[in-house]
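**Student:** Note that our numbering numbers the sequence shown so that position 131 is 134, with each residue one more than the last. Built from N, CA and C at the ideal position, the CB exists for glycine as well. I have a structure I would like to understand better, so I am pasting it below and will then ask my questions one at a time.
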Amino acid sequence: MRIAKLIAVLFAFTALTTAPAHADTTEVVRVYHQAATPISTTGSGVGAVRTFFIPIAVDGKAADGQYLTGTLTTFAENVSGGLEVRGSNLTFVFGEEANQLVVGGISLYPPAGATLAPGQRTVRPVIGGSGEYFGARGQVVSVNMGSAGWTHTFRIVLPE
Numbered sequence: 004m005r006i007a008k009l010i011a012v013l014f015a016f017t018a019l020t021t022a023p024a025h026a027d028t029t030e031v032v033r034v035y036h037q038a039a040t041p042i043s044t045t046g047s048g049v050g051a052v053r054t055f056f057i058p059i060a061v062d063g064k065a066a067d068g069q070y071l072t073g074t075l076t077t078f079a080e081n082v083s084g085g086l087e088v089r090g091s092n093l094t095f096v097f098g099e100e101a102n103q104l105v106v107g108g109i110s111l112y113p114p115a116g117a118t119l120a121p122g123q124r125t126v127r128p129v130i131g132g133s134g135e136y137f138g139a140r141g142q143v144v145s146v147n148m149g150s151a152g153w154t155h156t157f158r159i160v161l162p163e
């Protein structure tokens, strides 16, 4: 009898302390900006750092306080047919400084270019977010459209 009561108490306690499952929300955010040029380049070869600050339009709307800032750092040269491996530390800000998506990862770049070659696309991880994007995880697909600018399509999951 004691065991039955103990089991009943444990089940009741578990039912009271178990939070209901919440479904995460998947969101797509589309960003556009003009062709990118670094505002600073420090060094050359491995260790070279390119710094960017670029106003952006989000889901087709340009507005104050929307921008991309970040760095690309060269980690290796002459890989995959003479390309460079560059690591990214990119922060997309959406209207208010608190609303950010942070992108990391690496991509292959032509050694002479400051950015991906026109027509090239890359997929990078979204490594976090803040404000509206607190807890974000996912990826972003970036496409260099040459003189027509860039698109970045974020597919992120936000906790409920």
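With which residues is residue 110 paired in a DSSP beta bridge?
**Tutor:** Note: residue 110 sits in a beta bridge opposite 89.
**Student:** Along the beta strand (DSSP E) that carries residue 69, what are the first and last residues, could you check?
**Tutor:** Residues 64-82.
**Student:** Identify whether residue 43 lies in helix, strand or coil by the three-state DSSP scheme.
**Tutor:** Correct three-state label for residue 43: strand.
**Student:** So does the region 93-104 actually touch the region 112-123, counting three or more Cβ pairs closer than 8 angstroms?
**Tutor:** Because the criterion of three Cβ pairs below 8 angstroms is not met, the region 93-104 and the region 112-123 do not touch.
**Student:** Please list the terminal residues of the continuous beta strand (DSSP E) segment that includes residue 131.
**Tutor:** Looking at the DSSP string, the run of the beta strand (DSSP E) that includes residue 131 is 124-133.
**Student:** How long is the line joining the alpha carbons of residue 40 and residue 56, rounded to whole angstroms?
**Tutor:** Near 9 angstroms, if we compare the C-alpha coordinates of residue 56 and residue 40.
**Student:** Tell me which residues share the same chain as residue 32 and place their Cβ nearer than 6 angstroms to its Cβ, disregarding the 5 neighbours each side in the sequence.
**Tutor:** 157, listed in sequence order.
**Student:** Could you tell me the alpha carbon to alpha carbon distance between residue 18 and residue 160, rounded to whole angstroms?
**Tutor:** With a pLDDT of 49 at residue 18, under the threshold of 50, the predicted position of this residue should be treated as unreliable, though the coordinate-derived value follows. If I take the Cα positions, the gap works out to 28 angstroms.
**Student:** In chain order, what residues of the same chain have a beta carbon less than 7 angstroms from the beta carbon of residue 162, not counting five sequence neighbours either side?
**Tutor:** Hits under 7 angstroms: 27, 138.
**Student:** Name, in chain order, the residues that DSSP records as bridge partners for residue 116.
**Tutor:** Answer is none; residue 116 lacks a bridge partner.
**Student:** Counting contacts by CB-CB distance shorter than 8 angstroms, is residue 118 in contact with chain B?
**Tutor:** Absent from the structure: chain B. Only one protein chain is present.
**Student:** Got a sec, what are the start and stop residues for the beta strand (DSSP E) residue 142 sits in?
**Tutor:** 140-147 is the extent of the beta strand (DSSP E) around residue 142.
**Student:** Are residue 52 and residue 76 close, meaning C-beta to C-beta below 8 angstroms?
**Tutor:** Yes, the Cβ-Cβ distance between residue 52 and residue 76 is below 8 angstroms.
**Student:** Where does residue 151 sit, in a helix, a strand or coil, going by DSSP?
**Tutor:** Looking at residue 151 - three-state DSSP - the assignment turns out to be helix.
**Student:** Taking just the CA atoms, how far does residue 61 sit from residue 134?
**Tutor:** The alpha-carbon atoms of residue 134 and residue 61 are separated by roughly 16 angstroms.
**Student:** Anyone know if the C-beta pair for residue 111 and residue 93 falls short of 8 angstroms?
**Tutor:** Their beta carbons are not under 8 angstroms apart, which means residue 111 does not touch residue 93 by this criterion.
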